[in-house]
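J.: Numbering (this note's numbering), first residue to last: 1 to 176.
Got a structure for you, questions after.
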């Protein structure tokens with residue numbers, strides 16, 4: 001793999017509504033957070049370039065609608081995914097319970113076997129309903145890396161995406 005080549009990695013963020021998928025992307029891409037809630041309709045994407053060990057990776061993050069009425073639109077956006085980030089909210093056990101259904105419902109849509117990550121958002125919440133251990137256990141059960149993150153404060157956002165990017169680059173190296 002050439003040192004000056006650039007690699008594009010398609011990475012959708014999946015989860016139920018109100019888990020902070022859009023905010024995670026905005027925090028990572030623009031280092032900003034907005035208190036205003038705007039429901040994603042269909043899908044949207046942002047990109048960010050990241051240098052890793054002399055290689056340039058571009059993460060193309062797809063923000064998919066978490067609301068049930070839009071979930072059928074998401075399948076087309078999932079094809080060819082290099083990594084999939086499953087997002088739930090630490091302050092919503094319902095969002096955590098919905099994660100496996102979303103995973104199972106979509107896992108045949110990605111194409112080749114992607115890298116999986118689970119992001120537990122809103123780790124700063126005082127109203128925690130899902131423990132760190134529950135999140136880690138679920139991530140381990142599906143072969144995913146696990147991070148508790150906060151789109152509000154930015155905690156662990158960069159680190160989590162760096163690990164996802166590193167895994168994508170390593171997988172690419174192994175396959176070439």
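Beta carbons: idealized from backbone N, C-alpha and C, even for Gly.
Report, in whole angstroms, the separation of the C-beta atoms of residue 149 and residue 121, which I expect to be a contact under 8 angstroms.
T.: Counting from 1 along the chain shown, the entry for residue 149 is found at position 149. Counting from 1 along the chain shown, the entry for residue 121 is found at position 121. Right, the Cβ-Cβ distance comes to about 6 angstroms (below 8 angstroms), so this counts as a contact.
J.: Assess, as a yes-or-no matter, whether the segment 124-133 is touched by the segment 107-115 under the definition of 3 or more beta carbon pairs within less than 8 angstroms.
T.: Output reads no: the segment 124-133 does not touch the segment 107-115.
J.: Could you give the residue range of the alpha helix (DSSP H) that holds residue 102?
T.: Walking along the chain shown from the start, residue 102 turns up at place 102. Where residue 102 is concerned, the enclosing alpha helix (DSSP H) stretches over 93-106.
J.: For the beta strand (DSSP E) containing residue 121, list its first residue and its last residue.
T.: Against the chain shown, residue 121 aligns to sequence position 121. Looking at the DSSP string, the run of the beta strand (DSSP E) that includes residue 121 is 115-121.
J.: Out of 18, 13, 33 and 146, point me to the one whose CA is closest to residue 91's CA.
T.: Counting from 1 along the chain shown, the entry for residue 91 is found at position 91. Comparing Cα positions, the closest option is 18.
J.: Hey, residue 117 and residue 24: beta-carbon distance below 8 angstroms or not?
T.: On the chain shown, residue 117 is found 117 positions in, with the first residue counted as 1. On the chain shown, residue 24 is found 24 positions in, with the first residue counted as 1. No, they are not a contact pair.
J.: Cβ atoms of residue 82 and residue 22: under 8 angstroms apart, would you say?
T.: Within the chain shown, numbered from 1, the residue matching residue 22 stands at position 22. Within the chain shown, numbered from 1, the residue matching residue 82 stands at position 82. Contact flag unset, no.
J.: May I have the straight-line CA-CA distance separating residue 100 from residue 10, to the nearest angstrom?
T.: Stepping through the chain shown from its first residue, residue 100 is reached at position 100. Stepping through the chain shown from its first residue, residue 10 is reached at position 10. If I take the Cα positions, the gap works out to 21 angstroms.
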